[in-house]
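Enquirer: Got a structure for you, written out below as C-alpha cells; questions coming shortly.
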Amino acid sequence: MTDPSGTASELRVAIVTGSDSGIGRATAVALARAGLDIGITRVQDHEEAQAASTAEEVRSHGRRAEVARLDAGHLDSAAGCSTST
478 MTDPSGTASE LRVAIVTGSD SGIGRATAVA LARAGLDIGI TRVQDHEEAQ AASTAEEVRS
538 HGRRAEVARL DAGHLDSAAG CSTST
C-alpha cells in the first residue's frame with residue numbers, strides 16, 4: 478500500500494467506520510486484501526451479525542479482525558474504540 482506521496486506505508490491496522498455493510502464493508506475487505514488488519518465498527522445492536530460477517534471475510538484473507546461498537550458522533554465512543562482495538 479502506498480501513501481499519497483508514493484512511498485510505502487507503514488500502516489498495519491485500519492479502523493473502518495460503518496464496515497458492517499455497504500461501502501464500509503467493501504473498504505474493510507479491500508484493505509484486508511492489501512495486508513492490513515481491520516477494526517470493524519458498528520453502531521446498533523442489530524448490526525452485530527453483519528459486522529461478524531465482515532470480520533469472517535477479513536479473516537478469510539489471513540488478516541486479524543476485531544468488532545467494536547462505535548458511534549462516531551460521540552467523542553467518548555470514538556476514544557473507547559481506539560483504545561480497545
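Residue numbers (this note's numbering): 478 to 562. Note that beta-carbon positions come from the ideal geometry of N, C-alpha and C, so glycine has one too.
Where do the ends of the beta strand (DSSP E) carrying T518 lie?
Expert: For the purposes of this step, residue 518 is identified with residue 41 of the sequence shown, where counting begins at 1. Note, T518: beta strand (DSSP E), D514 to R519.
Enquirer: Which partner residues does A542 have in the DSSP bridge list?
Expert: Working through the sequence shown from its first residue, we reach residue 542 at position 65. For A542, which the question treats as bridged, DSSP gives the partners I515.
Enquirer: Check for me: the alpha helix (DSSP H) holding S530 runs from which residue to which?
Expert: The sequence position of residue 530 within the sequence shown is 53, counting from 1. That run of the alpha helix (DSSP H) goes E525 to S537.
Enquirer: Leaving out the 5 sequence neighbours to the left and right, which residues in its chain are closer than 7 Å to T494 when beta-carbon positions are compared?
Expert: As a position in the sequence shown, residue 494 is number 17, starting the count at 1. Excluding sequence neighbours, T494 sits near G501, T518, L547 and A549.
Enquirer: Assuming R540 contacts A507 (C-beta within less than 8 Å), just tell me the rounded distance between them.
Expert: Locating residue 540 in the sequence shown gives position 63, counting from the first residue. Locating residue 507 in the sequence shown gives position 30, counting from the first residue. With a Cβ gap of about 11 Å, R540 and A507 do not count as contacting.
Enquirer: Would you tell me roughly how many angstroms separate the C-alpha atoms of A505 and V490, rounded to the nearest one?
Expert: Indexing the sequence shown from 1 puts residue 505 at position 28. Indexing the sequence shown from 1 puts residue 490 at position 13. One C-alpha to the other measures close to 10 Å.
Enquirer: Label S537 either buried or exposed according to how many other C-beta atoms from any shown protein chain fall within 10 Å of its C-beta, with 16 as the threshold for buried.
Expert: Here residue 537 is taken as the residue at index 60 of the sequence shown, counted from 1. With fewer than 16 other Cβ atoms within 10 Å, it is exposed.
Enquirer: Would you kindly work out how many angstroms separate the C-alpha atoms of A526 and A542, rounded to a whole number?
Expert: Within the sequence shown, residue 526 is the residue found at index 49, counting from 1. Within the sequence shown, residue 542 is the residue found at index 65, counting from 1. Computed Cα separation, rounded: 14 Å.
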